[in-house]
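Protein chains in written order, with my numbering: chain A, 130 to 481; chain B, 40 to 309; chain C, 390 to 934.
We treat Cβ as the ideally placed atom computed from N, Cα and C, and that holds for glycine.
All values derive from a computational prediction rather than experimental measurement.
Written below as structure tokens is the structure these notes are about.
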Amino acid sequence: MSSQDIPEENLPAQQGHAHGAVDVADEKNPFADPGLPPHEHRIQDIDEQAARRSERAVALLFTVSMLATVGFIVSYVTVPHDRSIYVFPIGHVSALNFALGVTLGLALFCIGAGAVHWARTLMSDVEIADERHPIEASPELRAKVHEDFRQGAKESAIGRRKLIRNTMLGALTLVPLSGLMLLRDLGPLPGTSLRHTLWSKGKLLVNMNTNEPLRPEDVAVGSLTFAKPEGLEEHDEDFQKEIAKAALMIVRLQPDNIKDKRELEWSHEGIVAYSKICTHVGCPISLYEQQTHHVLCPCHQSTFDLSDGARVIFGPAGHALPQLRIGVNDEGYLEALGDFEEPVGPAFWERG
Amino acid sequence: MKKLSARRRHPLAALVVLLLALACTGGLYAAFAPAEKAQADDTAQSLAIDEGKKLYTVGCASCHGTGGQGGSDGPSLVGVGAAAVDFQVSTGRMPAATSQGAQVPKKKNIYTQAQIDQLAAYIASLGAGPAVPTKEQYGPEGADIAKGGELFRTNCAQCHNFTGKGGALTKGKFAPSLTDVEPKHIYEAMQTGPQNMPSFPDTTLSEQNKKDIIAYLNAVNGDETENPGGLELGGLGPVSEGLFGWIFGLGTLIAVAVWVAARTAKAKKS
Amino acid sequence: MSTTASNTSRSRGKAPGGERVADWADGRLGIYTLAKSNMRKIFPDHWSFMLGEVCLYSFIIIILTGVYLTLFFHPSMNEVEYHGSYVPLQGQLMSEAFNSTLHISFDVRGGLLIRQIHHWAAVVFIAGMFVHMMRVFFTGAFRKPREVNWLFGFLLFVLGMFTGFTGYSLPDDLLSGTGVRFMEGAILSVPIVGTYISFFLFGGEFPGGDFVARFYSIHILLLPGIMLGLVVGHLILVFYHKHTQFAGPGKTNNNVVGMPLLPVYMAKAGGFFFLVFGVIAFVAAIAQINPIWAIGPYRPDQVSTGAQPDWYMGMAEGLIRAMPGWEINLWGHTLVLGVFIPLVLFGVILVAIAAYPFIEAWVTGDKREHHILDRPRNAPTRTAFGVAWLTVYFVMLIGGGNDIFATHFHLSINAVTWFVRISYFVGPVIAFIVTKRICLGLQRRDKDKVLHGRETGTIKRLPHGEFIEVHEPLSQEQLHTLTAHDQYKPLELGPAVDENGVERKVRATQKVRAKLSEAYFGEESQITKPSVEEYKEITSGHGHH
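Following this line, the structure appears as structure tokens:
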């Protein structure tokens, strides 16, 4: 930044001298600072009665605060924590929360209001001007500090003994690496874990609601069903992690309505299974419009067309929802014919 | 409501319904609820279908075709079942003013229940479909509220919000709020999938599942639902909370700051 | 013990109790020296100077309530079955974090209140910082010597956002879990290292069993620790620099006019703490925030519509919602621009406002201290830039809530998104131009007022039948206040050749600077304030209109 070369005349004149100093006579400069206006009295300053009224008001506020605190303690002790009351216009609320909040609020507010009213009406309101002093040090002080620093640096010989300086800098640069290393065990390396889900060939599609394996005839046109892989139970230790990738959305379309050839191939009689996890940032997308066959993500409004390979038709998602290839096993249940062929969920650098 | 629906199961219910319907429709014959169809007299049944057909011709045929086969302005009604008719007509969605626009909104219902039942009987006669659910199916007895919550979050919350306040869909469509929607209609909607809502047939969302969901909704979005912390702020989450925090939280504090910093009135001011 | 010391203690010995305690402390801490410069420190009165206090006090409230919450919260992701008093979740599987938050909300008396105070205070804290920052920006209070404090404040704002985000994620509910999932997706989009960072942060694949415990230590220890340090530094600098003030009679660049800390500001500022706490407690009593019981425990396969972060992350949310889905696949790698660009823009937008003071200082080349605040109209380019920045910010806030706006105003979500996409580019430009025009208009009006006086609204008929409005000349106080501001002249690069006819070398940066300077202070960008001569000519010439 070079500002040495700004011509001084482009800066306005020093403040305070802009129109001549305060001491310039008024007829010369009509814009001159007339100085602080004379102090005017408040009614409380001249009328003792008014002052006493203020005093009483302040005391009243402090007293209300005390009463409110008593009210807080009484509510805490007497109001059961599961009591519900109707408060107009708020509605049915917890009696305890309401009582405690209102009393606490009142107790605190009245202390504040009392103190401020006291300050505003009874404490002196004479305005005082305080001088400012420049923050920058005087040239003498500046020179002295610089000199002291140079003296110290010279005594340390850091400039002369380069070997010490360089090795010290090296050591200081390297030592934080230990700290960085220690962060390594925060988690495992990604490996290929984002590419695999619990789905594999022969895994049955289990209805999320009934926990029963699905048959093709269970899934009607226009209906929406969510499924998980067989064997994954809600109380499993890794349920959250697995369902975050394996959750399925199953709909049935009229086979004629399916525009994408691969989608039709991977479906069973028009039943298609798509990942429920949005390819944008991983929300469970499932706002299925059965007439338009669009699914909308409730988080960022990416919209996918389930009748056309689940391609993105609106919003910030970058690619189509992955489809799971399904078929029917010998017993007539819907089953997966393998894992997803591409990673489910949000895109990442190694996704490719 | 409870008493009335208990009496519906009485052997004489059919007669009562008949009488009520007669009174309502000014001398027309009445239909029977689809669930009771099996017990109903064949003649009454066919009369109801006939009356339903008349109502259909006046109110519905212009879009859905004279035989319910569908047309350019309305889908085929063959096989949609009585539940779909009951849902669409009693929530006022049908007959729709126009097939234009993103979706047909809920409005005031202009038919009596008896007329709706007749229409339903007629549509049901065109092809088998889900029947109107009974009180046992959607009533609160034997429902597991917590299971219903889990099912609601899996199947419904993505469109209708976690306590059923509704939400946006694509291109101006929306999932309506479920506040004050009758349990029967919620049941029918799950069963039939009105407009763009997918259906949740019993094969994938069992009767018990539906009952649980309705019980959960009643618990978290009913008239008596408690919001322990105070104002619900629409139950919409952080957007309304943020607005409230800015306007009432920070707004109040700024108003207080103005008072704290303001000059106290002077005694003599010209 | 020297004799002098014992003499002093003897002479002080008879003092009243309070003084003796103070003497004791002074002998060890030197408090009298501190008190000398600070006890009667002057603070100017203006409501906008209290915005920073709103932030400070809500920060203290957050710390107090946060400590209480840690007594009951279990930062663990172990799965447990719920058996507390909230019926609609009975028997559900959830993490211990969620379970303990339910316990705080339903089974600890006053727990819900403290939770709600904590959360409301956080919303107010960051909103307060935002408004405070804008106040500092639009009045030019960031100029020398306060640039460092501006940066401290900016860092507090950014850290506050992340502290809020980590805290919001702790209950492990369905809404915050969705937010954490978004964060995972955003990290994955970072080229080369994204996948690794994500695995290290979550201890493996999302969601894993670690992030609540890790966010917990970040939320209650790391970030608040840094913030506390910055707050202390921020306050020390406020004391050291002394507060700025608006121009006015008696107020110069070399003084500060107001009331002393003891007693007036002790009472006002101390009282204001209680007022802030009281208001937030009252809000927590009447308005529910983050009802996690209604939202339900987190499961990666469940979601609710209207999934939004708290407001301060709304700008990031808007960017990510408005962005088209660009993705580039090259040589077996994926560049997730659809997520990564918004992530970068989020940083760029924030840094733009943080860096502004340094850019302005470079353009003006002004090395003087500034203690008199600008009226926003007197710095039209800065004000216009600030409004343009705010426009981007608020457009993106709308974008972050596009679904809620769509349903509540009966619009198409796609239309709202397109509006946001277009406004992101067009909005700030229009805002910049309009704001600058308005500022210049206001400057002209001020000039008129100075030269011709105040319009009284009284219409007078002159003898020859003409109607005129009576203008009342301004008082000297008003004249001074309206003309006290500085006006820079645009930077001139000087002649292209020097006196010997040799071409002068002008560096490219200097050319940019001259261009910017012209844009800031050229004829198009400021109205020359009335001079004494103009004033005298008008007032003496034709008399008063």
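- In the same chain as Y403 of chain A, and ignoring 5 residues on each side of it, the C-beta atoms closer than 6 Å to its own belong to M378, A439, L450, Q452, in chain order.
- Judged by their CB atoms, A214 of chain B and M439 of chain C are not nearer to each other than the 8 Å cut-off.
- Residue state for M483 of chain C is assigned as strand, using DSSP reduced to three classes.
- Contact check for A404 of chain C and D412 of chain C: beta-carbon distance about 7 Å, within the 8 Å limit, so the pair qualifies.
- Interface flag for K405 of chain A against chain C is set, since a Cβ pair is found closer than 8 Å.
- Less than 8 Å separates the beta-carbon of M648 of chain C from that of D434 of chain C.
- Spatial neighbours of Q383 of chain A in its own chain (CB-CB distance under 7 Å, excluding positions within 5 residues in sequence) are listed in chain order as V350, G399.
- Membership of L353 of chain A in the beta strand (DSSP E) is indicated by the continuous run 353 to 358.
- Sequence-distant partners of R212 of chain A (beyond 5 residues in either direction) whose C-beta falls short of 6 Å from its own C-beta, in its chain, are A224.
- Within the stretch 805 to 883 of chain C, the alpha helix (DSSP H) runs of at least 4 residues that lie entirely inside it are, in chain order, 865 to 872.
- Runs of the beta strand (DSSP E) lying entirely within the stretch 396 to 430 of chain A and spanning at least 3 residues, in chain order: 400 to 404, 416 to 418, 423 to 425.
- Within the same chain, P345, I455, G456, V457, L463 come within 7 Å of H397 of chain A by CB-CB distance, once the 5 residues on both sides are set aside.
- Leaving aside the five residues that flank V895 of chain C on each side, the residues in its chain whose CB is nearer than 7 Å to its CB run, in chain order, L882.
- Annotated as distal: G660 of chain C and A186 of chain A, with beta-carbon spacing of 8 Å or more.
- The C-beta separation of T872 of chain C from F160 of chain A comes to about 4 Å, placing the pair in contact by the 8 Å criterion.
- In the DSSP assignment, T454 of chain C falls within the alpha helix (DSSP H) that extends over 440 to 459.
- For T723 of chain C, the secondary structure class from DSSP, reduced to helix, strand or coil, is strand.
- Counting of Cβ neighbours within 10 angstroms places F432 of chain C among the buried residues, the total reaching 16 or more.
- For the stretch 430 to 454 of chain A, the residues whose beta carbon sits under 7 Å from a beta carbon of chain C are, in order, Q430, S431, V441, F443, G444, P445, A446, G447, H448.
- Going by beta carbons, G166 of chain B and Y255 of chain B fall outside the 8 Å limit.
- In this structure, P240 of chain B lies away from V222 of chain A, with their beta-carbon atoms at least 8 Å apart.
- With a threshold of 16 other beta carbon atoms within 10 Å, A135 of chain B meets it and is buried.
- Straight across, the Cα-Cα distance linking C195 of chain B with W682 of chain C is about 17 Å.
- S223 of chain A: member of the beta strand (DSSP E) spanning 220 to 223, first to last residue.
- DSSP places F783 of chain C within a helical segment (H, G or I) once states are collapsed to three.
- Look at T694 of chain C: its C-beta is under 8 Å from a C-beta on chain B.
- Excluding the 5 residues flanking it on each side, D125 of chain B has same chain C-beta neighbours closer than 7 Å at I155, A159, V171, E227, in chain order.
- A Cβ-Cβ contact shorter than 8 Å links N803 of chain C with T209 of chain B.
- Take P560 of chain C, set aside five residues on each side of it, and the residues of its chain with a beta-carbon closer than 7 Å to its own are A486, F487, T490, I681, in chain order.
- Residue burial is scored here from C-beta neighbours: Q230 of chain B has at least 16 other C-beta atoms within 10 angstroms and is therefore classed as buried.
- Put simply, the stretch 514 to 526 of chain C touches the stretch 277 to 289 of chain B. At least three CB pairs are less than 8 Å apart.
- Shown here for E359 of chain A: same chain residues with a beta carbon closer than 6 Å to its own, the five before and five after excluded, namely K332, L333, V335 in chain order.
- When the beta-carbon positions are compared, A673 of chain C and I787 of chain C stay at least 8 Å from each other.
- With a threshold of 8 Å between beta carbons, D347 of chain A makes contact with chain B.
- For S322 of chain A, the three-state secondary structure derived from DSSP is helix.
- S245 of chain B has a beta carbon lying within less than 8 Å of a beta carbon in chain A.
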